Ligand SMILES: Cc1cc2nc3c(=O)[nH]c(=O)nc-3n(C[C@H](O)[C@H](O)[C@H](O)COP(=O)(O)OP(=O)(O)OC[C@H]3O[C@@H](n4cnc5c(N)ncnc54)[C@H](O)[C@@H]3O)c2cc1C
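In the numbering used here, the protein residues as written are 4 to 332.
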């Protein structure tokens, strides 16, 4: 639904993707770790990782009762997401952090309600409804829907509370009386050029901690998995190696291979995301978005999916590039 509150739809005869059950994915990953002989410690916060004189690492963890433990290892992977709890977060003026906030509820709905939203991803756009962001309704398994709102943070203006935006969305979609099964939310923070430190000696970061969350679609799970894929291959190659050159090799290769994996469109999509969402705040931007949606209406569902999820701008022809990089409005 666009700013003028009209619905447009794009259909494909082939499956273009799936709605992921994130909780199940995390459970599956934890099970896999244990099956492979690893341990999963829940309820412990990693405080810091230090390099020991013998070249190994020591990581301190604390639980809710204040108990402390230390774990020694060859390498440490910081997978603490946008908090970057171990690798840290230096100020980089040339590539500042862009932050967004979101919340999402899992609703149990009647069969009739579920049918209304099944089989498609629904996005709700417009500065009246969600200024500087968007809302969504996604179908999960029969009887369950996800509904949420997210927006970029703009420290130059006061922004409405997410809970008010969510209430408006529930009213508009007629889902306000559905039973809420789960509520969650959080923060996305990425640097557009991904200048974050990736490696400090034997401490390596992945996922949101190295800005793999994409600001255009608010997507981060697939890209975090991509970073784990790249890093796992490199760490396997270095297994058992204690030389300082191994660390230097990793320092160079990890960033390079990850950049290659994410592709040349990455920075452009981040720029487009920041420009699109931060700019969506008044009637003028609503009119611009309506115009865009009218252009996109002529595209196939495949092309739209490729734009939103794989950042394939070129499918829309060279004439859209000036809009993407901000030369034309
Ligand atoms: C509301 C919302 C909706 C989203 N929807 C989507 C979506 O539909 N699709 C999508 O692809 N992405 C979505 N994202 C983004 C996605 O969740 C992230 O990009 C992705 O989870 C990043 O994975 P990660 O493993 O790097 O970090 P996370 O999944 O954030 O995992 C980091 C983990 O580290 C833990 N942690 C933090 N600090 C410490 C510490 N000091 N010690 C120990 N543990 C710590 C955290 O509790 C967390 O469990 C959404 C984000 C938000 C906020």
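Heads up, the beta-carbon is just placed ideally off N, CA and C, and yes, glycines get one too. In this text the structure is predicted, and so the values were computed from the model without any measurement.
### Query
Which residues does DSSP pair with residue 187 in a beta bridge?
107
### Query
Which stretch, first to last residue, makes up the beta strand (DSSP E) that contains residue 65?
60–66
### Query
Using the beta-carbon count (16 or more within 10 Å), is residue 223 buried or exposed?
buried
### Query
What residues in its chain sit with their C-beta under 6 Å from that of residue 271, if we drop five residues either side in the sequence?
none
### C-alpha distance - residue 111 paired with residue 146, whole-angstrom precision
6 Å
#### Entry: Supposed contact pair residue 250 and residue 6 - C-beta distance, whole angstroms, cut 8 Å
51 Å between Cβ atoms; not a contact.
### Query
Nearest-angstrom Cα distance between residue 2 and residue 54?
Look at the range of the chain in this structure, 4 to 332, and you will see that residue 2 is not part of it.
### Task
Could you spell out the range, first to last residue, of the beta strand (DSSP E) harbouring residue 125?
125–127
### Task
Could you name the residues that DSSP lists as bridge partners for residue 149?
109, 141
### Closest Cα partner of residue 161 within the set 201, 237, 135
135
#### Entry: Nearest to residue 243 (by Cα), restricted to the options 77, 304, 28
77
### Message
Applying the 10 Å Cβ sphere with the 16-neighbour rule, what's the burial state of residue 217?
### Response
buried
### Task
Indicate, with yes or no, if ligand 1 has a heavy atom lying under 7 Å from the CB of residue 192.
no
#### Entry: Environment of residue 301 [buried if 16+ CB atoms lie within 10 Å]
exposed
### Task
Kindly indicate the opening and closing residues of the alpha helix (DSSP H) around residue 31.
25–38
### Message
If the criterion is Cβ atoms closer than 8 Å, does the pair residue 98 and residue 196 meet it?
### Response
yes
### Query
In whole angstroms, what is the alpha-carbon distance linking residue 203 and residue 253?
10 Å
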